[in-house]
Every structure is written in structure tokens, then in C-alpha cells.
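Engineer:
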Amino acid sequence: METINPDSELDETCNVNGDCTLLMKNQSMDLNHAKNIDDISTPSELKFDEDFEFEDPDVTAKRKEIEKCLENPNLVNLEQWQSFAKSKGGLIADEYRRRIWPMLVGVTQDEMTDPPSLDELSTHIEYNQVELDVKRSLKRFPPGIPYEQRVALQDQLTVLILRVIIEYPHLKYYQGYHDVAITLLLVCGDRASFPLLCRLSYGPKAPLAPFMQATMQPTQHLLNYMLPVIRRADDKLADYLDKAGVGTMFALPWYLTWFGHSLNRYSDVVRLYDYFLCAAPLFPVYVTAALVLQRAPEVFACECDMAMMHCLLSRLPDDLPFEDILVTAKKLYDENDPTDLEGEVAALERREEEARRLDEERLRQRRAVRAGGGRGAGRGAGRGGGRAWRLLPRSPFARGAVLAAAAALLAVYAYYRPDLFTRKRADGADFEGLLE
Amino acid sequence: MTESTNEHIGGLKQKKVFKIIVLGDSGVGKTCLTYRFCEGQFLDKSEATIGVDFRERTVRICNEDIKLQLWDTAGQERFRKSMVQHYYRNVHAVVIVYDVTKPETFHSIASWMQEVESHGLSGSPRVLVGNKCDCGTPESRLATAYAQRLADKHGMPLFETSALLDSEYDNVESIFMTLAHKLYSKQPLRVISVEGEPGYGVVTLPRQRRPPKSSGTDKCLCS
Chain S
1 METINPDSEL
11 DETCNVNGDC
21 TLLMKNQSMD
31 LNHAKNIDDI
41 STPSELKFDE
51 DFEFEDPDVT
61 AKRKEIEKCL
71 ENPNLVNLEQ
81 WQSFAKSKGG
91 LIADEYRRRI
101 WPMLVGVTQD
111 EMTDPPSLDE
121 LSTHIEYNQV
131 ELDVKRSLKR
141 FPPGIPYEQR
151 VALQDQLTVL
161 ILRVIIEYPH
171 LKYYQGYHDV
181 AITLLLVCGD
191 RASFPLLCRL
201 SYGPKAPLAP
211 FMQATMQPTQ
221 HLLNYMLPVI
231 RRADDKLADY
241 LDKAGVGTMF
251 ALPWYLTWFG
261 HSLNRYSDVV
271 RLYDYFLCAA
281 PLFPVYVTAA
291 LVLQRAPEVF
301 ACECDMAMMH
311 CLLSRLPDDL
321 PFEDILVTAK
331 KLYDENDPTD
341 LEGEVAALER
351 REEEARRLDE
361 ERLRQRRAVR
371 AGGGRGAGRG
381 AGRGGGRAWR
391 LLPRSPFARG
401 AVLAAAAALL
411 AVYAYYRPDL
421 FTRKRADGAD
431 FEGLLE
Chain H
1 MTESTNEHIG
11 GLKQKKVFKI
21 IVLGDSGVGK
31 TCLTYRFCEG
41 QFLDKSEATI
51 GVDFRERTVR
61 ICNEDIKLQL
71 WDTAGQERFR
81 KSMVQHYYRN
91 VHAVVIVYDV
101 TKPETFHSIA
111 SWMQEVESHG
121 LSGSPRVLVG
131 NKCDCGTPES
141 RLATAYAQRL
151 ADKHGMPLFE
161 TSALLDSEYD
171 NVESIFMTLA
181 HKLYSKQPLR
191 VISVEGEPGY
201 GVVTLPRQRR
211 PPKSSGTDKC
221 LCS
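Just so you know, the sequences run in chain order S and H.
Heads up, the first sequence stops at 436 in the UniProt record's numbering, and the numbers go up one at a time, no gaps.
Heads up, the second sequence stops at 223 in the UniProt record's numbering, and the numbers go up one at a time, no gaps.
Put into C-alpha cells, the structure is as follows:
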């Protein structure tokens, strides 16, 4: 993809008229994928990797080292592969990744078995959802890929996903899982990707396992580590994000797909996968934190508003310095172990819970006003009350008491001055009298 | 997190930002529909939406610029429960989308309506949109009258459209403009009478309530 990748100058300001999520995505997409679906049917090579005209000498040296290790992979220990994967540039090229990724997660040759046919799996309950998402994954394929080849790969992708959730029936498919699966498939092929994806999906330390539970609650919880990590590094930034109330949703696709869904450059995606495949399960969350920290100037320049901030952050520019971001993320991880952050995460979740409860209460109040209260006065009181709401004490009981008192006062007042509520005309007449 | 916005539902005029949430099953075309409205074109490499996407467009009503914020949500059930909740906050209007070629997506509307109600939005302007009317054969598409009945039951206007067809752009436009006008005039959606309001404001509402091409509700069940 990066063969025609532009030096992105995509402006991230999103207050302009029109779309601000997909516009930029689309612009960069068009540059990356100059061809449309019909053009894809013209044969060309399935090729992602850059043609290096000039290569960093460090990278060239690393290449040589990797190649040497690959000559006798059995003599090389896991730490060596991990070191290649994590250090600058990662595993460099897909030809190395193809062989090293399985070793990083401990997949052996014996586990790489031939997949069943799609027909055998198409009765699965999740088949339709998987098929729907796979069909829409065009953007993830190399530009210029021949039509037949793309369709074949998409079938392989569907099979791969279904195979895993058939193997582990308690794991639930989520939208975004296909983005992880396609990355593995494109790099390692269908035989190796199955055990690889299984390893990532199932087990106590499997990084994707939390995403595949019955609900998204575990995912939400883990993503809640992002803001405390940011706060540890940059208090002001965390305050600003908090003030905007942007939440964590903008980072959800990053985490669920290991950025596969959100980055336009294939080389960035596989570089991150090199690292994630041998990192702690929560490491991607630290990368999201590092990424937001990296973009702090943009964040501060953005209107402190939930929508604007969500919009700014969810769109990733094409020129992010991922090597730096990974270094920052590692530092953040080393300095702020997840266990250290549990207290902050719990506090954050308590605040969210409280906000949710208040929301629900507000909703109930509004409903009660609408259902029971008089049309005119009740409505007005409801609206004004909404605004005055935040002035009330925080405790629900105290609030209830204040509201009850207010309602009682209103009733007494209405009793003594019914003219204010019912006899507008009479009031008018009185005023006329006064004016005379 | 804490209070997300400082605007208040009752005080629409203060900020002139209308927040519209787009709901519906996976693959019915929510993303394409919002993209069509905001960008004026069809998104030909649409992907599954993970979580919530945001798009906006400024429209002019009664010589006033109004910002429409469209929150495009993931269709997969698992994202609905805990994740999308947050985005219902301060929503002003709701668009529920189904795919006219997939009856199951129409049947889910009941559960979407429930969800809308549970967030206290049953009093807010809502529209029902049958998307992909360019697809399939007339026989295979869900009958307009059938959809209309449901729309009437919930007091929502029904639109049948296609985010794909350029010729349908006006129709897509009128879906969101209907909502924008309703929100602007702060009337319940059902009272779309031209009288009583500054007529200028309601000029571009040609298609509400009645499906565009229905030639009589009981005669023709397929548009």
C-alpha cells in the first residue's frame, strides 16, 4: 500500500462542513487504492512491501541478522525472535514474518493443517455476520489484487474465522476480529493462520480472548486503562480529555483490531503486529495511550467537545511515527504496570457508573414529568429543572428531597395563586387596569 | 465520563447543533447513508463500523446555519449494550435503518424501538428508512405498505431510498432535512403541517408521511 503512499498532510481539523471521519480516510484511501473493484480484476502481483531504493543501514544489518537466524531457526531462542520483533523496524519484511510470527506465539508445523471447505462451515450461526464483514473488507487487500485472488482470500478469511469459533464455541465473534484475521492470513497464509489465531483467541493470556466474551464489558474494562496511563504521563492532557468527555470509544477499533482497521498503511499494521504478537496482552492499550500523547498538540488545539475530540482522535494520520510511539508505550508500560493502575481504573469506572446512574435518574424524572405532571407547568418545570439539575446535591436521596420540597412549594404556590397558572386572561385584564 | 456536553435537550436553539443517532442491524447501510448525506456520494469501500463513527454537516434552515452531527453506530448486537450507551446521551433525533431486501432487518426494528424508548427518546423526532431500494426485484423487496403500517404505528415518517443511487440523493437529503426542520421548529414530528410555522422553513419536506411512489396503500404491496 505504501508504494504510492503520500506524505500525509491530511488536515485533521474536523469542524469544517461535511464529514470529518471518512473524508480523510477516503482521501487517503483513494490515494492508496487508486483502483476500484472492477480494475482489480486486471492481473498484477499481490505485493505490499516497499521497493527499497534506499534502506537504512541499520535495517540492512538487521535483515542480514534475521536471515542468518532463519537459516537455522531451531538454534535460535525465543528471546532472539522477540528482540527482532520489538526493536526498531520490527521484522522488516513479510517473507521473514511468515516464518517468525508462528514461532513468536509458539505455533508448530504440526498444527498447521489444511482448512475445511467453506460449504462445511456455512451453517454456523455466525456465518452471516462473518460473511457480511468479510465482504466489506476490501480495503484491507493489496491494491491491484486480481479479482479471483481477492475472492479466494475472502473465502479463506471466512473459513479461518469460523474455524476458530467452531473450535472454541464459547468464543464470540466480534466485528473487528476479521481485521486481525486478515492480517494473519495475508502474512502467513491459511494453514499457519489458524493455529496462530487460535493462540491469540483462546487461553488465559490470549490477547483477543477478552474481546470474545459474551459481552464487551471485559473489553471496556481493559480499555479503561488508557486514560490513567495518559494521566500518569500528562496530567493536563488527561484533564482536557476528561473535560471533553470523549471517553474511550475512539480507541476501541484500535484495540479490537490491533490498529488493522484504522491504519491505511499496511506496513504500519504489520510492524505493530510484530510487536503485539510477543508483548503483554494489555500492551496495545499502552500504545493507544502513547499515540494520544503523541498527538497532544492537536488535542489541545481541538475544541473541547466530545464530538470534535472523538472525530479528531478516531482518524489516524498516515505519518504517525510508530517506532517512537512503541518506545514510548514500552516506557509507559515499564513505569506503570497494569497492577499499579488498578486503583485509578476502579475510580474511573465508579465515576462512569455514577454518571450512568444520574443519566438514568434524569431520564426517569423526565418521563415522570411527561407522564404525570400537567402539560404546561409540568413541562416548563421539567425543562428548567434539567438545567438546574446539576446545581442540586449529588446524592440521589438529597436530590429526591430537594425535588419533593420544590414540588410541594410549587403546589402550595399554585393553590394560592391559581390565576398564575390558569387565568392568564384575567391577569392581562388586571394589567390593563394598572396601565390606566 | 462526566457531563458530556453543555447543551441541553430543551435548549436546542442555544448551540444549533442537532445530534442524530443512526441505528439498525449490521449491513443495512447506516454508514453509506450518513456518508451520502454528508459527502454527497456513495462510499464504495464501506467497512464494518466498530463502535461509533461520527460525521457532520452544516445545513441552512431559515437563514440559519445548523450543524447536524450524525452518530453512526455499529450494528452488531454486542456493541449495543455497554458501548453505544454513552452516545445516546443528549441525542435529539433518531434514524432507524433497515434493508428492504432483508426482512430480518425490518423485524429487528421492534427491538431498536425498544432501545430508543429505553433511552427516553420516544418523544424525539424519529424516522424509519428502508435502504437499498435499488437492490433485488420488486417481489423480493419488503412491501412498502407493510413498512408504512409499522411506521404509522410508531408515528414516524417512512422513507425508502438507496444510498447507492445518485438519483436518490434528494431523498436521502430529505430524510435528514426532515429531522433538521423538525428539530429546528421544535415540534413533534407528526405535526408536519406547513401552516402555523414560517412556511419558508418547511418547504423542503415533500416526502414525509407517504412513501414516494406508493400508488395506494392497499392496492400495491410492492413499490
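Each residue gets a CB set at the ideal place from its N, CA and C atoms; glycine is no exception.
Being a predicted model, the structure only gives us computed values, none of them experimental.
Closest Cβ-Cβ distance between Cys311(S) and chain H: below 8 Å?
Structural biologist: Yes - at least one Cβ of chain H is within 8 Å of the one on Cys311(S).
Engineer: If I measure Cβ to Cβ from Asp65(H) and keep anything under 8 Å in the same chain, skipping five residues before and after, which residues do I get?
Structural biologist: Correct list, in chain order: Lys16, Thr58 and Val59.
Engineer: Any Cβ of chain S within less than 8 Å of the Cβ of Ile20(H)?
Structural biologist: Cβ-Cβ to chain S under 8 Å: no for Ile20(H).
Engineer: Since Tyr169(H) is in the alpha helix (DSSP H), which residue starts that stretch and which ends it?
Structural biologist: Tyr169 to Ser185 is the span of the alpha helix (DSSP H), which, as asked, contains Tyr169(H).
Engineer: Straight-line CA distance for Glu323(S) to Gly136(H)?
Structural biologist: Cα to Cα, Glu323(S) sits roughly 49 Å from Gly136(H).
Engineer: Mind checking the stretch 160-176 of chain S against chain H and listing, in chain order, the residues whose C-beta falls within less than 9 Å of any C-beta there?
Structural biologist: Going along the stretch 160-176 of chain S in chain order, one finds Lys172, Tyr173, Tyr174, Gln175 and Gly176 with a Cβ nearer than 9 Å to chain H.
Engineer: Exposed or buried, Pro169(S), counting other C-beta atoms within 10 Å across all chains shown (16 or more means buried)?
Structural biologist: Exposed: under 16 other Cβ atoms inside 10 Å.
Engineer: Could you check where the alpha helix (DSSP H) with Phe159(H) kicks off and where it finishes?
Structural biologist: Not the alpha helix (DSSP H): Phe159(H) falls in the beta strand (DSSP E), residues Leu158 to Glu160.
Engineer: Under 8 Å Cβ-Cβ, which residues of chain S neighbour Ser46(H)?
Structural biologist: Within 8 Å Cβ-Cβ: Arg136.
Engineer: Could you name the residues of the same chain whose beta carbon sits closer than 7 Å to that of Gly51(H), not counting the 5 residues immediately before and after it, in chain order?
Structural biologist: Taken in chain order, the residues that qualify are Ala74, Phe79 and Met83.
Engineer: Compile a chain-ordered list of the residues in the stretch 136-150 of chain H whose CB is closer than 7 Å to at least one CB of chain S.
Structural biologist: Within the stretch 136-150 of chain H, no residue qualifies.
Engineer: Alpha carbons only, please: which of Leu185(S), Tyr177(S) and Asp318(S) is nearest the one belonging to Ala209(S)?
Structural biologist: Considering only alpha carbons, the answer is Tyr177(S).
Engineer: Between Thr215(S) and Thr183(S), what straight-line distance do the alpha-carbon atoms span, to the nearest angstrom?
Structural biologist: Between Thr215(S) and Thr183(S), the C-alpha separation is close to 24 Å.
Engineer: Flag Gly216(H) as yes if its beta-carbon sits less than 8 Å from any beta-carbon of chain S, otherwise no.
Structural biologist: In this predicted model, Gly216(H) has a pLDDT of only 36, less than 50, meaning its place in the structure is not dependable; the value taken from the coordinates is given anyway. Judged by the 8 Å Cβ criterion, Gly216(H) is not in contact with chain S.
Engineer: Measure the alpha-carbon distance for Ile20(H) versus Gln41(H) and round it to whole angstroms.
Structural biologist: Taking the straight line from one Cα to the other gives about 20 Å.
Engineer: So, helix, strand or coil for Gly364(S), using DSSP?
Structural biologist: This sequence places Arg at residue 364(S); Gly is not what is there. Helix, per DSSP.
Engineer: Straight-line CA distance for Cys133(H) to Pro253(S)?
Structural biologist: Distance between the alpha carbons of Cys133(H) and Pro253(S) is about 30 Å.
Engineer: Please confirm whether any heavy atom of the ligand ZN lies closer than 7 Å to the CB of Val84(H).
Structural biologist: Because no ligand of any kind appears in the structure shown, any question about the ligand ZN cannot be addressed here.
Engineer: Could you round the C-beta distance between Leu160(S) and Pro115(S) to whole angstroms and report it? I think they count as a contact, below 8 Å.
Structural biologist: Right, the Cβ-Cβ distance comes to about 7 Å (below 8 Å), so this counts as a contact.
Engineer: Answer with yes or no whether the minimum CB distance from His154(H) to chain S is below 8 Å.
Structural biologist: It does not: the Cβ of His154(H) has no partner Cβ on chain S nearer than 8 Å.
Engineer: Let me know the secondary structure DSSP gives Asn63(H) once reduced to three states.
Structural biologist: Asn63(H): coil per DSSP, three-state reduction.
Engineer: For a contact defined as C-beta to C-beta under 9 Å, what are the partners of Ser111(H) on chain S?
Structural biologist: Going along chain S, no residue has its Cβ under 9 Å from Ser111(H), so there is no contact; the nearest lies around 16 Å.
Engineer: Which residues bound the beta strand (DSSP E) around Gly27(H)?
Structural biologist: Note, Gly27(H): premise wrong, no beta strand (DSSP E); not H, not E.
Engineer: Thinking Leu138(S) and Lys45(H) are a contact (beta carbons under 8 Å), I'd like their distance in whole angstroms, please.
Structural biologist: 5 Å between Cβ atoms; contact.
Engineer: Taking the beta strand (DSSP E) that Asp99(H) falls in, what are its first and last residues?
Structural biologist: Unbroken beta strand (DSSP E) run through Asp99(H): Ala93 to Asp99.
Engineer: Tell me, please, whether the CB atom of Cys154(S) is closer than 8 Å to any CB atom in chain H?
Structural biologist: In the sequence on display, residue 154(S) carries Gln and not Cys. No, because no Cβ of chain H sits closer than 8 Å to the Cβ of Gln154(S).
Engineer: Roughly how many whole angstroms lie between the Cα atoms of Arg370(S) and Asp359(S)?
Structural biologist: Using only the alpha carbons, I get a separation of about 16 Å.
Engineer: How big is the Cα-Cα spacing for Phe54(H) and Cys311(S)?
Structural biologist: Going by the C-alpha atoms only, they are around 6 Å apart.
Engineer: Using only alpha-carbon positions, find the residue among Leu348(S), Ser314(S) and Thr288(S) that is nearest to Leu332(S).
Structural biologist: Measuring from the Cα of Leu332(S), the nearest candidate turns out to be Thr288(S).
Engineer: Listing by chain order, which chain H residues have their CB less than 9 Å from the CB of His261(S)?
Structural biologist: Those within 9 Å of His261(S) in chain H are Glu47, Ala48 and Ile50.
Engineer: Could you tell me whether the Cβ of Asp119(S) comes closer than 8 Å to any Cβ of chain H?
Structural biologist: No, because no Cβ of chain H sits closer than 8 Å to the Cβ of Asp119(S).
Engineer: Check the DSSP bridge columns for Asp190(S) and list the partner residues they point to.
Structural biologist: Paired residue(s): none; Asp190(S) is not in a bridge.
Engineer: What is the rounded straight-line gap between the Cα of Ala152(S) and the Cα of Asp119(S)?
Structural biologist: Ala152(S) and Asp119(S): Cα-Cα distance of roughly 14 Å.
Engineer: Nearest to Leu316(S) by alpha carbon, out of Arg367(S), Gly260(S) and Pro338(S)?
Structural biologist: Cα-wise, what sits closest to Leu316(S) is Gly260(S).
Engineer: Is DSSP giving Leu68(H) helix, strand or coil here?
Structural biologist: Strand at Leu68(H).
Engineer: Just to confirm, is the Cβ distance from Tyr255(S) to Phe300(S) under 8 Å?
Structural biologist: Not in contact: Tyr255(S) and Phe300(S) (Cβ atoms no closer than 8 Å).
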